[in-house]
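**Student:** First to last, the protein sequences are chains A and B. Counting in this note's numbering, the first sequence runs from 9 upward without gaps. Counting in this note's numbering, the second sequence runs from 9 upward without gaps. Beta carbons are placed, not taken as given, at the ideal position from N, Cα and C, and that holds for glycine. Quick caveat: nothing in here was measured; it's all calculated off a predicted structure. Questions regarding the structure given below will be posed in turn.
Number of protein chains: 2
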Amino acid sequence: MPSRRTAPTLLRSSCPIAGALDVVGDRWTLLIIRDLVSGRRRYGDLASAEEGIPTNILADRLKRLEASGVIDSKPYQQNPPRYEYGLTEKGEALKPVLATLGVWGKQHVRGTRLPEAMKAALSHS
Amino acid sequence: MPSRRTAPTLLRSSCPIAGALDVVGDRWTLLIIRDLVSGRRRYGDLASAEEGIPTNILADRLKRLEASGVIDSKPYQQNPPRYEYGLTEKGEALKPVLATLGVWGKQHVRGTRLPEAMKAALSHS
């Protein structure tokens, strides 16, 4: 069932692979999803990913992901307002994409290895 | 076994998901892989994908993909020189990534559907 919170988008084609890449097709978005899968929730935790995501990109991607219904946010502090982020059902459904990318990377990109914690998180998908 | 033709790259981290995204993490690369999976071989065929890939991006991605050992090329004409492109073992191994993206897109991006031909091609992965 398609998510109801999908933001209106102009599709490049009717191909679902292209449609998926319009949402997650860049170097950073799926790393944010990875970190949410592994339990990071707050902006500062996401900003401290070891890949060194630029904060303007992190802020932009969080906004886009929320607009397309992949993540949601709730305030955990009022003044100043601060939010925790979480995966929606649509976001959780990206786990198999992370898993296949991880398998391919591990096998074909030298010098990479999947941490045990991430293996466990993805195996629940 | 890691491919021997991997171009030297500076990894952002030891995470295989990040490593994979360094190779295929953009809006276009996996669409080129999709088209090679579906049997397109020549530059003109790849350039005519319905998403309208800009030719400078296509040329750049073909060059990068060959440098990282995901595709290879062989000349089919000498004067002027023209090449056919094909997936290496490392490139064929991306089929599960395409498949999981396609499943997610079909389920979560409105207005998309996976053509029968592509379903068949990906089910052989």
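1. Just curious, the alpha helix (DSSP H) that P89(B) is in, first and last residue?
2. Measure the CB-CB distance between A28(B) and G113(A) and report whether it falls below 9 Å.
3. Counting only C-beta atoms, is D30(B) closer than 9 Å to chain A at any point?
4. Please go through the same chain and pick out, in chain order, the residues whose beta-carbon is closer than 6 Å to the beta-carbon of P129(A), but skip the five residues on each side of it.
5. For the alpha helix (DSSP H) containing L39(A), list its first residue and its last residue.
6. Could you name the residues of the stretch 50-67 of chain A whose beta carbon sits closer than 9 Å to any beta carbon of chain B, in the order they occur along the chain?
7. In this structure, how does DSSP classify L122(B) when only helix, strand and coil are distinguished?
8. Against chain A, with Cβ distances strictly below 9 Å, would K71(B) count as a contact?
9. Determine the extent of the alpha helix (DSSP H) in which R72(B) is found, giving its start and end residues.
10. Thinking C-beta only, is L19(B) closer than 9 Å to G119(A)?
11. For L109(A) versus I25(B), is the C-beta spacing smaller than 9 Å?
12. Alpha carbon to alpha carbon, how far is P104(A) from L95(A)?
13. For L134(B), which residues in the same chain have their Cβ closer than 8 Å to its Cβ, ignoring the five residues on either side in sequence?
14. Say whether chain B places a C-beta atom closer than 9 Å to the C-beta of Q115(A).
15. Would a check of beta-carbon distances place S22(B) closer than 9 Å to chain A?
16. Of all the residues that make up the stretch 86-99 of chain B, which are near chain E by a beta-carbon distance shorter than 8 Å?
17. On the premise that E92(B) lies in contact with Y84(B), defined as a C-beta separation below 8 Å, what is that separation, rounded to the nearest angstrom?
18. Tell me where the alpha helix (DSSP H) around E97(B) begins and ends.
19. Is G47(B) close to chain A? Criterion is C-beta to C-beta, closer than 9 Å.
**Tutor:** Reading off the structure:
1. Run containing P89(B): none; DSSP gives neither H nor E here.
2. In this structure, G113(A) lies closer than 9 Å to A28(B) by Cβ.
3. Output row for D30(B): interface = yes.
4. According to the sequence shown, residue 129(A) is Ala rather than Pro. V45 and S46.
5. Counting along the chain, L39(A) sits inside the alpha helix (DSSP H) bounded by residues T37 to V45.
6. Answer set for the stretch 50-67 of chain A: A57, E58, E59 and G60.
7. The DSSP-derived three-state label of L122(B) is coil.
8. For K71(B), not one C-beta of chain A is nearer than 9 Å to its own C-beta.
9. In the DSSP assignment, R72(B) falls within the unbroken alpha helix (DSSP H) covering T63 to A75.
10. Going by beta carbons, G119(A) and L19(B) fall inside the 9 Å limit.
11. Yes, these two residues count as a Cβ contact at 9 Å.
12. Between the C-alpha atoms of P104(A) and L95(A) there is a straight-line separation of about 14 Å.
13. Residue numbering for chain B in the displayed model covers 9 to 133; residue 134(B) lies beyond these limits and cannot be assessed.
14. Yes, because at least one Cβ of chain B sits closer than 9 Å to the Cβ of Q115(A).
15. Answer yes: the Cβ-Cβ gap between S22(B) and chain A drops below 9 Å somewhere.
16. As a matter of chain content, chain E is missing from the structure shown, whose protein chains are A and B.
17. So it is a contact: roughly 5 Å between Cβ atoms.
18. For E97(B), the enclosing alpha helix (DSSP H) stretches over residues E97 to E100.
19. Judged by the 9 Å Cβ criterion, G47(B) is not in contact with chain A.
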